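Asker: Right, I'll just put the structure down here and ask away after.
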Amino acid sequence: MRKVRRFWTPSLWASWKPFGVGEQRPNAYREMWRAVRENRSRLGYAWRILTHGVCDGCALGTKGIRDWTIDGVHLCAVRLRLLRLNTQPELNPAILGDIGPLEAKTSADLRSLGRLAWPFIRRRGEKGFQRVSWEEALEAIAQAIRSTDPVRTGYDLTSRGIGNEIYYAAQKAVRAMGTNSIDNAARVCHSPSTVALKQAVGAAATTCSYKDWIGTDLIVFVGSNVANNQPVAMKYLHYAKKAGTRVAVVNTYREPGMERYWVPSNVESALFGTRIADRFFLVHTGGDVPFFQGVLKHLAERGLVDREFIDRHTTGFEDVENGLIKLSWAELEQLSGASRQEMEALAQMIAEARRAVFVWSMGVTQHAFGEDNVRAIINLALAKGFVGREGCGLMPIRGHSGVQGGAEMGAYASVFPGGGPINPQTAEALSRLWGFEVPSKPGMTAPEMIDAAFEGKLDVLVSVGGNFLEVLPEPAYVRAALARVPVRVHMDVVLSSQMLLDGDTVILLPAATRYEVPGGITETSTERRVIFSPEIPGPRAGEARSEWEVLLEIAQRVRPHLAAQLHFEGTPAIRAEIARAVPYYDGIQRLEREGDQFQYGGAHLCEGGKFSTADGKAHFSFVPLRGGALRSNVFLMSTRRGKQFNSMVQEATDPLTGAARSSVLISRQDAERLSLKEGDRVRVQSDQGEMEGRIWIAPIKPGNVQTHWPESAALLDRTRRSPQAGIPDYNAVVRLEKLN
Ligand code: SF4
Numbered sequence: 000m001r002k003v004r005r006f007w008t009p010s011l012w013a014s015w016k017p018f019g020v021g022e023q024r025p026n027a028y029r030e031m032w033r034a035v036r037e038n039r040s041r042l043g044y045a046w047r048i049l050t051h052g053v054c055d056g057c058a059l060g061t062k063g064i065r066d067w068t069i070d071g072v073h074l075c076a077v078r079l080r081l082l083r084l085n086t087q088p089e090l091n092p093a094i095l096g097d098i099g100p101l102e103a104k105t106s107a108d109l110r111s112l113g114r115l116a117w118p119f120i121r122r123r124g125e126k127g128f129q130r131v132s133w134e135e136a137l138e139a140i141a142q143a144i145r146s147t148d149p150v151r152t153g154y155d156l157t158s159r160g161i162g163n164e165i166y167y168a169a170q171k172a173v174r175a176m177g178t179n180s181i182d183n184a185a186r187v188c189h190s191p192s193t194v195a196l197k198q199a200v201g202a203a204a205t206t207c208s209y210k211d212w213i214g215t216d217l218i219v220f221v222g223s224n225v226a227n228n229q230p231v232a233m234k235y236l237h238y239a240k241k242a243g244t245r246v247a248v249v250n251t252y253r254e255p256g257m258e259r260y261w262v263p264s265n266v267e268s269a270l271f272g273t274r275i276a277d278r279f280f281l282v283h284t285g286g287d288v289p290f291f292q293g294v295l296k297h298l299a300e301r302g303l304v305d306r307e308f309i310d311r312h313t314t315g316f317e318d319v320e321n322g323l324i325k326l327s328w329a330e331l332e333q334l335s336g337a338s339r340q341e342m343e344a345l346a347q348m349i350a351e352a353r354r355a356v357f358v359w360s361m362g363v364t365q366h367a368f369g370e371d372n373v374r375a376i377i378n379l380a381l382a383k384g385f386v387g388r389e390g391c392g393l394m395p396i397r398g399h400s401g402v403q404g405g406a407e408m409g410a411y412a413s414v415f416p417g418g419g420p421i422n423p424q425t426a427e428a429l430s431r432l433w434g435f436e437v438p439s440k441p442g443m444t445a446p447e448m449i450d451a452a453f454e455g456k457l458d459v460l461v462s463v464g465g466n467f468l469e470v471l472p473e474p475a476y477v478r479a480a481l482a483r484v485p486v487r488v489h490m491d492v493v494l495s496s497q498m499l500l501d502g503d504t505v506i507l508l509p510a511a512t513r514y515e516v517p518g519g520i521t522e523t524s525t526e527r528r529v530i531f532s533p534e535i536p537g538p539r540a541g542e543a544r545s546e547w548e549v550l551l552e553i554a555q556r557v558r559p560h561l562a563a564q565l566h567f568e569g570t571p572a573i574r575a576e577i578a579r580a581v582p583y584y585d586g587i588q589r590l591e592r593e594g595d596q597f598q599y600g601g602a603h604l605c606e607g608g609k610f611s612t613a614d615g616k617a618h619f620s621f622v623p624l625r626g627g628a629l630r631s632n633v634f635l636m637s638t639r640r641g642k643q644f645n646s647m648v649q650e651a652t653d654p655l656t657g658a659a660r661s662s663v664l665i666s667r668q669d670a671e672r673l674s675l676k677e678g679d680r681v682r683v684q685s686d687q688g689e690m691e692g693r694i695w696i697a698p699i700k701p702g703n704v705q706t707h708w709p710e711s712a713a714l715l716d717r718t719r720r721s722p723q724a725g726i727p728d729y730n731a732v733v734r735l736e737k738l739n
């Protein structure tokens with residue numbers, strides 16, 4: 000691996016202007032000051048959370064404000080903005096007495112009202128919620144579940160702050176109640192990665208570590224904007240660049256944050272910034288498959304693939320090669336939006352690299368053919384043997400702190416704990432372990448629960464965290480669906496807009512944050528590191544309880560004869576059972592103190608070309624041509640994040656781009672063709688819906704536009720989902736109309 004240069008490297012500087020004065024970029028120091036102001040009433044507690052807790056933001060993973068990849072501070076604005084959710088005092092319960100005024104508030108306003116600290120209930124016709132005891136709330140929930148068929152119930156957990164113990168206990172509780180309809184936020188982010196990786200390399204997680212970024216020859220980012228979503232990753236990239244690592248970015252938009260970045264905790268980068276991307280490859284929205292096929296076609300035709308690795312450790316390359324021969328460059332160019340020369344240029348970068356890491360994110364997965372997009376990336380990496388060794392790997396980078404563990408703990412409609420499929424054999428094995436009958440058919444995914452709700456086939460919906468209204472496509476449909484569920488239960492640390500929708504009975508349950516859980520909890524980071532986050536001493540919010548306890552108690556009330564099997568003394572006991580149920584989590588039972596952690600599978604999976612597939616080999620799969628060919632008068636729209644943590648919008652303006660939430664990012668070429676100027680009001684229309692926005696001219700692939708999510712969710716088609724993982728497509732074909 001290349002070594003990081005110790006001396007300053009002006010050739011990498013983004014600007015000679017100290018601190019990037021006048022450049023569009025986030026101001027980290029202002030963010031720190033803001034965090035101090037926001038948390039000033041509980042500054043000591045906030046500091047203890049930061050310095051002793053594991054970050055509840057993205058899934059990079061921390062121990063306090065350190066990590067296992069670099070020396071120095073690991074802290075970012077995403078975490079600072081989330082801090083107040085953990086430190087704010089209880090909300091005034093009287094404000095829930097009338098939901099009228101609350102309905103007018105934004106979700107950010109609702110969150111800032113304070114912690115949800117007591118159970119509440121609202122029955123149809125009542126103007127607001129009334130406070131109830133835990134006993135009353137849990138009995139009402141259990142009664143509703145008892146009086147219906149388990150197939151008419153659904154449970155969904157988001158991953159903000161939620162740890163492995165909660166996922167594990169929740170899915171066990173749900174399965175004890177007779178259904179596999181439990182899902183989590185992984186469904187709408189990396190579910191296609193899980194499917195494709197499992198099939199190709201036998202592991203549904205990254206094959207490498209963040210350390211592999213620093214000093215490898217090449218990192219290829221695809222549909223991923225780590226500058227926005229995993230900001231400390233930019234510090235890793237700063238060191239990677241200092242080591243001579245090249246960075247290629249395949250995307251529809253030339254993300255400014257991936258072009259250059261000022262790392263606030265590194266003096267050189269804080270002063271002069273760091274140029275990150277060596278080269279951008281702009282492709283159409285949905286054009287990744289033809290682009291990567293073109294890259295692989297070039298590599299294969301020129302004999303630039305690693306034949307020895309392919310022959311010894313893989314199957315299926317011949318099919319891929321035969322398929323590629325038949326593809327014409329003209330077709331690949333048309334569908335990808337990139338020229339043959341660009342495909343060859345990336346192929347050349349890959350050919351010259353002895354090591355490379357491929358990193359991808361929602362720009363790849365959130366498509367109706369998300370699995371195929373991932374397969375195209377895997378094919379490319381396998382063709383050069385870029386797995387199972389230092390400086391090499393496949394990395395679906397995660398944006399939620401707990402989400403990697405969500406499916407691994409089995410809080411997923413399509414897998415059991417450990418990621419195994421749901422079928423009669425696996426259900427029987429789990430039944431033996433748990434001592435009760437486990438259902439053997441896959442349950443409803445989160446989007447399917449909403450469909451069932453809309454069709455009147457869901458009687459109880461338990462939503463732990465999250466907000467379906469602001470996550471899924473077609474919010475009007477989601478709103479109607481949620482309102483049709485007779486009993487809805489929302490458990491969270493703060494209020495959300497979905498809680499305010501009507502229902503026969505709506506029950507709110509106050510959740511403890513991860514820092515309040517006695518016995519501590521663990522999270523699994525993107526690099527498969529299982530990290531212990533201790534309970535942090537400090538104020539507690541009213542009667543808030545951890546979700547693991549509550550879901551198990553509901554299950555005990557629904558199935559009293561299983562009370563013993565559904566009892567854990569505390570989170571250490573859950574960890575002990577996880578180690579038995581999920582063999583590759585062996586070691587979790589020994590995590591009990593701050594700083595305790597282990598990386599399951601070690602630094603690299605698939606070492607020495609040994610894959611966890613049935614035949615021990617990696618599997619290529621030929622991917623049918625997909626793409627975003629342009630049609631006249633319409634645009635390919637993709638949705639993007641601004642200053643937000645997943646669906647939680649935090650600022651009206653994105654500090655990385657300068658774009659407002661209503662901005663419609665469009666190329667200068669398209670804007671001029673339509674006689675549109677920066678700031679012009681436009682109507683963006685799809686077959687599903689429309690929104691108004693303002694033109695924002697940006698370096699984006701002509702023929703494509705981008706809008707912010709969730710504001711543009713009404714334009715998305717809820718029926719477009721990927722075939723295996725069932726992830727919704729967060730892209731659409733749209734028309735633009737100038738408004739006066
Ligand atoms: S990069 Fe991610 S894990 Fe690190 S501090 Fe920021 S939000 Fe937390």
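Using numbering that gives the first Met the number 0, the first residue of the sequence shown is number 0, and each one after it goes up by one.
Beta carbons: idealized from backbone N, C-alpha and C, even for Gly.
Here the structure is a predicted model, which means the values were calculated and not measured.
Starting from N183 and walking both ways along the beta strand (DSSP E), at which residues does that stretch end?
Answerer: 181 to 183
Asker: Pull up the distance between the alpha-carbon of G243 and that of M647, whole angstroms please.
Answerer: 36 Å
Asker: Distance, Cα to Cα, E332 vs R388?
Answerer: 33 Å
Asker: Looking at the secondary structure, which residues open and close the alpha helix (DSSP H) in which W133 lies?
Answerer: 133 to 145
Asker: Can you confirm whether the region 152 to 163 touches the region 511 to 527 when touching is taken to mean that 3 or more C-beta pairs between the two stretches lie within less than 8 Å?
Answerer: The region 152 to 163 and the region 511 to 527 touch, with three or more beta-carbon pairs separated by less than 8 Å.
Asker: With DSSP collapsed to three states, give me the class of G56.
Answerer: coil
Asker: Within the region 254 to 309, note down every full alpha helix (DSSP H) run reaching 4 residues or more, in order along the chain.
Answerer: 255 to 258, 266 to 271, 287 to 300
Asker: So P701 is in the beta strand (DSSP E); what residue range does that whole segment cover?
Answerer: Element bounds for P701: n/a, residue is neither H nor E.
Asker: Under DSSP, the beta strand (DSSP E) around F453 begins and ends at which residues?
Answerer: Careful: F453 lies outside any beta strand (DSSP E), inside the alpha helix (DSSP H) at 445 to 453.
Asker: Can you tell me the Cα-Cα spacing of P234 and G401, whole angstroms?
Answerer: Going by the sequence as given, residue 234 is Lys instead of Pro. Cα to Cα, the separation comes out at about 22 Å.
Asker: What residue from A355, A412, R625, A426 has the CA that sits closest to M783's CA?
Answerer: Lying outside 0 to 739, the shown extent of the chain, residue 783 is not represented and no answer is given.
Asker: How about the region 471 to 478 and the region 83 to 94: do they share at least three Cβ pairs that are nearer than 8 Å?
Answerer: no
Asker: Helix, strand or coil: how does DSSP classify N632 here?
Answerer: In this structure, N632 counts as coil in the three-state DSSP scheme.
Asker: Among the candidates Y599, R539, P289, K126, whose CA atom is the shortest distance from the CA of A578?
Answerer: For A578, the nearest C-alpha among the options comes from Y599.
Asker: Rounded to whole angstroms, how far is the Cβ of Q170 from the Cβ of M408, which I believe are closer than 8 Å?
Answerer: 6 Å
Asker: Out of S338, L323, R483, V505, which has the shortest C-alpha to C-alpha gap to F453?
Answerer: R483
Asker: Short of 7 Å in beta carbon distance, which residues of its chain neighbour T8, apart from the five on each side in sequence? Order them along the chain.
Answerer: Within the same chain, Cβ atoms closer than 7 Å to the Cβ of T8 are found at K241, the five residues on either side in sequence being excluded.
Asker: Of all the alpha helix (DSSP H) runs that stay within the bounds of the region 540 to 595, which reach a length of 4 or more residues?
Answerer: If you keep only unbroken alpha helix (DSSP H) runs of at least 4 residues inside the region 540 to 595, you get 546 to 557, 570 to 580.
Asker: N730 lies in the beta strand (DSSP E); which residues open and close that run?
Answerer: Segment 730 to 737, the beta strand (DSSP E) holding N730.
Asker: CA-CA distance, I324 and A617?
Answerer: 22 Å
Asker: May I have the straight-line CA-CA distance separating P698 from R667, to the nearest angstrom?
Answerer: 8 Å
Asker: Does the beta carbon of F453 sit closer than 8 Å to a beta carbon anywhere in chain B?
Answerer: In the structure shown, chain B does not exist; there is a single protein chain.
Asker: Hey, which unbroken runs of the beta strand (DSSP E) at 3 residues or more fall wholly within the region 450 to 531?
Answerer: 459 to 463, 486 to 491, 504 to 509, 520 to 523, all fully within the region 450 to 531.
Asker: Once DSSP output is grouped into helix, strand and coil, what is the label at P395?
Answerer: strand
Asker: Can you name, in chain order, every residue of its own chain whose Cβ lies under 7 Å from the Cβ of M0, other than the five neighbours on each side?
Answerer: G214, T215, E389, G390.
Asker: Does Q198 come out as helix, strand or coil in the three-state DSSP assignment?
Answerer: Of the three classes helix, strand and coil, the one that applies to Q198 here is helix, per DSSP.
Asker: DSSP three-state call for Y252: helix, strand or coil?
Answerer: strand
Asker: For F128, list the residues DSSP reports as bridge partners.
Answerer: Partner(s): none; F128 has no beta bridge.
Asker: Does DSSP put F385 in a helix, a strand or coil?
Answerer: In the structure shown, F385 sits in coil (DSSP, three-state: anything other than H, G, I, E or B).
Asker: Do R640 and N228 come within 8 Å of each other at the CB atom, strictly closer than that value?
Answerer: yes
Asker: Enumerate in chain order the residues of its own chain whose CB-to-CB distance from G464 is below 6 Å, with the five nearest sequence positions on each side excluded.
Answerer: T157, R159, D491
Asker: Would the beta-carbon of L49 be found less than 7 Å away from any heavy atom of the ligand SF4?
Answerer: no
Asker: Express the C-alpha separation of A540 and W117 in angstroms, rounding to a whole number.
Answerer: 8 Å
Asker: For the ligand SF4, is there any heavy atom lying closer than 7 Å to the beta carbon of C188?
Answerer: No, the Cβ of C188 stays beyond 7 Å of every heavy atom of the ligand SF4.
Asker: Could you tell me if the beta carbon of V231 falls within a distance shorter than 7 Å of some heavy atom in the ligand SF4?
Answerer: Yes, Cβ of V231 sits closer than 7 Å to a heavy atom of the ligand SF4.
Asker: To the nearest angstrom, how far is the alpha carbon of K676 from that of N632?
Answerer: 18 Å
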